[in-house]
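Quick mapping for you: the protein sequence lines, in order, are chains W and A. Letter by letter, the first sequence follows residues -1 to 253 in this note's numbering. Letter by letter, the second sequence follows residues 1124 to 1396 in this note's numbering. Virtual Cβ for every residue (Gly too), placed ideally from N, Cα, C.
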Amino acid sequence: MTTTTAARADVCAVAVAEAFRGDGEILANPIGTIPMVGGRLARATFEPDLQMTDGEAALIANDEAFEWPGGKVVELWNPYRSMFDIVWGGKRHVMMGATQVDQYGNQNIAAIGEYAKPKTQLLGYRGAPGNTVNNTTSYWVPSHSPQVLCAKVDTVTGVGYDRAAQLKGRTAEFHEIRRVITNLAVLDFETPDHRMRIRSVHPGVTTAEVQEATGFELVIPADVPTSRLPDDEELRLLYEVIDPKGLRLKEVPEA
Amino acid sequence: MAVLTSLAEAITANVGDGDMVALEGFTHLIPFAAGHEIVRQGRQDLTLVRMTPDVLYDQLIGMGVAARLVFSWGGNPGVGSLHRFRDAVEHGWPRPLQLEEHSHAGMANRYVAGASGLPFAVLRGYVGTDLVDHTANVAPLACPFTGERLTAVAALRPDVTVIHAQQADRAGNVQLWGICGVQKEAVLAARRAVVTVEEVVEELQPRPGAIVLPGWVLSAVAEVPGGAQPSYAQDYSTRDNAFYEAWDVISRDRDTFLGWMRTHVLDLVPSTT
């Protein structure tokens, strides 16, 4: 494995794993190819207590993300009708997609254009309205562009910081948009007014390029680090165990 | 009291034009055969309800049986968009489709309220989102004890709920197992309920995690082996994953879609058992 160098997709997977650092024994619910790889990577290394699904109806202990040649190691039968038992307890961190996301983390996955007569009808609100007010949420954007990271989302499905500030009680207590991870950079909301900032740029990407690909003004600290590279053990896990067929390399090709 | 009857008679007796119809089932046990019978009988102006509309609803919408859709997620699972659903919403083909959108939790709670005989359910979700403005059946509510701002969702009371299950006995009691969704709540919330089953057996055997629906909450039970295909019925059949991928191609073009429906649905004579 010493000859393997990290691909951009590997850097993204490590960034996903880092988003789950410190979460402990909760339901880690990464949705999408690289999120599923990154979540498994976190559990196989520094967050061993994360609970993860097989994408169907069970929580499983396997390190493999997509295929389980030796069979699934089932920890809990958790079909659709039991899901809310966990979701509403707040012990969950979901990472989901965003067709649009704005500078305060408001997300749209329902429709592009006017809601009453959309230009593009997407999959729908789904679980977003419950996610953002019941547990920690992060977003995964495989193709960073001003159309996705945009000034104003067409309809709000997941609640951002400006709207959450008007809410009170438990809702405000549970609201956290932890990260937005893209093929170019890692972004977060750790600023005084919770505007999105660049947390790190992936190797070979400049902050100017990230700003250029974003439809609003980002907070750019004076010193922006480079996103962490996988270490040798993480590379071994990625290439030999978690995603040996390299599905992640198709989701984010080399720049 | 459930009557054991044929699929055609069950639909004729229980699904009328303009009805609110919920066809439920999640991942497996999706009542395709019953949905196809609704198309064959030419029902119109239905309000279709389903937590997760997938290929079956794409077919129903594309055939123009629905005026409205109440839902929280609409897609071809693991494949992508529903092209007939999108064509109806974006271009009004073959007729405009009015949408009423909710979150998953909102839909589940609306069924629970309906099944409980309550006018609404309460949840924390929705606050801060735009759904409250878009949807008449979602309204803000203050907690009477703490004043916290919550959301009320109106109860769902379908005219008829249709599900598929593994087994019924001769008295019309039904048992389903495997990955279950909201079938129980959707049946109990409805005025009438139609169940298709893989098999009628002499006696239902207790199974861990199974749901039993007594015959007295059902209207009609029809034996339709394979009635969930191309989805599946755990312990009876497997999911036809290739079909879900093929549907992406079939459904992209209006004429290809209509040709497929003619051959595979309209021209088929339903089972009369």
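Is any beta-carbon of chain A found at less than 7 Å from that of residue i?
i	result
Gln119 (chain W)	yes
Pro33 (chain W)	no
Leu185 (chain W)	no
Asn154 (chain W)	Going by the sequence as given, residue 154 (chain W) is Val instead of Asn. Yes, because at least one Cβ of chain A sits closer than 7 Å to the Cβ of Val154 (chain W).
Thr43 (chain W)	no
Tyr263 (chain W)	Nothing can be reported for residue 263 (chain W): it is not among the residues displayed for chain W, which extend from -1 to 253.
Tyr78 (chain W)	yes
Tyr123 (chain W)	yes
Thr1 (chain W)	For Thr1 (chain W), the predicted model reports a pLDDT of 47, less than 50, meaning its position is unreliable; a value from the coordinates is still stated below. No - not a single Cβ of chain A is within 7 Å of the one on Thr1 (chain W).
Pro127 (chain W)	yes
Phe64 (chain W)	no
Thr169 (chain W)	yes
Ala55 (chain W)	yes
Val14 (chain W)	no
Tyr113 (chain W)	yes
Val72 (chain W)	no
Leu25 (chain W)	no
Name, in chain order, the residues that DSSP records as bridge partners for residue i.
i	result
Ser198 (chain W)	W:Val184
Trp75 (chain W)	W:Ala56
Pro28 (chain W)	W:Met93
Ser136 (chain W)	W:Met93
Ile179 (chain W)	W:Trp138, W:Val184
Gln285 (chain W)	Here chain W comprises residues numbered -1 to 253, so residue 285 (chain W) is not present and cannot be evaluated.
Arg1377 (chain A)	None, per the DSSP bridge assignment.
Asn1199 (chain A)	A:Gly1203
Leu1127 (chain A)	A:Val1344
Arg1272 (chain A)	A:Ala1265
Is there a Cβ of chain W sitting closer than 7 Å to that of residue i, yes or no?
i	result
Thr1252 (chain A)	yes
Tyr1355 (chain A)	no
Ser1239 (chain A)	no
Trp1196 (chain A)	yes
Asn1199 (chain A)	no
Ala1369 (chain A)	no
Tyr1249 (chain A)	yes
Quick check: the Cα distance between residue i and residue j, rounded to an integer number of angstroms?
i	j	result
Asn181 (chain W)	Gly158 (chain W)	21 Å
Gly68 (chain W)	Asp61 (chain W)	11 Å
Thr118 (chain W)	Ala109 (chain W)	6 Å
Thr1395 (chain A)	Ala1131 (chain A)	Its pLDDT being 48, under 50, Thr1395 (chain A) is placed unreliably in this model, and the value from its coordinates should be taken loosely. Looking at the two C-alpha atoms, the distance is approximately 7 Å.
Val1178 (chain A)	Asp229 (chain W)	43 Å
Met194 (chain W)	Gln1298 (chain A)	51 Å
Leu1279 (chain A)	Met1186 (chain A)	25 Å
Val1138 (chain A)	Thr155 (chain W)	34 Å
Met1230 (chain A)	Met1174 (chain A)	6 Å
Trp86 (chain W)	Arg1385 (chain A)	45 Å
Val1323 (chain A)	Ala1291 (chain A)	5 Å
Ala1369 (chain A)	Ala1211 (chain A)	20 Å
Val1202 (chain A)	Gly1332 (chain A)	29 Å
Asn106 (chain W)	Thr135 (chain W)	14 Å
Met1143 (chain A)	Val199 (chain W)	51 Å
Thr212 (chain W)	Phe44 (chain W)	32 Å
Val1317 (chain A)	Val146 (chain W)	44 Å
Thr1 (chain W)	Leu233 (chain W)	Low confidence applies here, because Thr1 (chain W) scores a pLDDT of 47, under 50, leaving its location unreliable and the question unanswered by this model.
List the endpoints of the continuous alpha helix (DSSP H) containing residue i.
i	result
Gly128 (chain W)	126 to 132
Phe82 (chain W)	81 to 85
Thr1135 (chain A)	1130 to 1137
Thr205 (chain W)	205 to 210
Could you work out which residue in the options is closest to residue i when comparing CA atoms only?
i	options	result
Lys1307 (chain A)	A:Pro1200, A:Leu1183, A:Ala1343, A:Leu1336	A:Leu1336
Asp83 (chain W)	W:Lys166, W:Ile24, W:Leu121, W:Trp138	W:Ile24
Leu1171 (chain A)	A:Trp1370, A:Leu1183, A:Ile1134, A:His1206	A:Leu1183
Tyr102 (chain W)	W:Phe64, W:Val14, W:Arg176	W:Arg176
Leu1389 (chain A)	A:Ala1244, A:His1151, A:Ala1157, A:Arg1163	A:Arg1163
Val217 (chain W)	W:Pro223, W:Leu233, W:Gln209	W:Gln209
Ala1262 (chain A)	A:Gly1382, A:Val1276, A:Thr1252, A:Glu1326	A:Val1276
Arg79 (chain W)	A:Asp1378, A:Ser1354, A:Ile1334	A:Ile1334
Ala1288 (chain A)	A:Ala1345, A:Ala1133, A:Trp1383	A:Ala1345
Could you give the first and the last residue of the continuous beta strand (DSSP E) run that contains residue i?
i	result
Gly1248 (chain A)	That residue, Gly1248 (chain A), is in no beta strand (DSSP E); it is neither H nor E in DSSP.
Arg1191 (chain A)	1189 to 1194
Val1144 (chain A)	1143 to 1146
Thr1319 (chain A)	1315 to 1324
His1287 (chain A)	1283 to 1292
Gly1295 (chain A)	Per DSSP, Gly1295 (chain A) belongs to no beta strand (DSSP E) and is neither H nor E.
Val12 (chain W)	No beta strand (DSSP E) contains Val12 (chain W), which is instead part of the alpha helix (DSSP H) from 6 to 17.
Val1352 (chain A)	Residue identity differs from the one stated: residue 1352 (chain A) is Gln in this sequence, not Val. Here Gln1352 (chain A) belongs to no beta strand (DSSP E), and DSSP marks it neither H nor E.
Val1261 (chain A)	1261 to 1265
Ile1161 (chain A)	Ile1161 (chain A) -> not in any beta strand (DSSP E); alpha helix (DSSP H) instead, spanning 1155 to 1163.
Glu1223 (chain A)	1221 to 1224
Val1172 (chain A)	1169 to 1172
Leu1336 (chain A)	1334 to 1336
Practice task
Please list the residues of the stretch 173 to 198 of chain W that have a C-beta atom closer than 7 Å to any C-beta atom in chain D, keeping them in chain order.
Solution key: In the structure shown, chain D cannot be found, because the protein chains are W and A.
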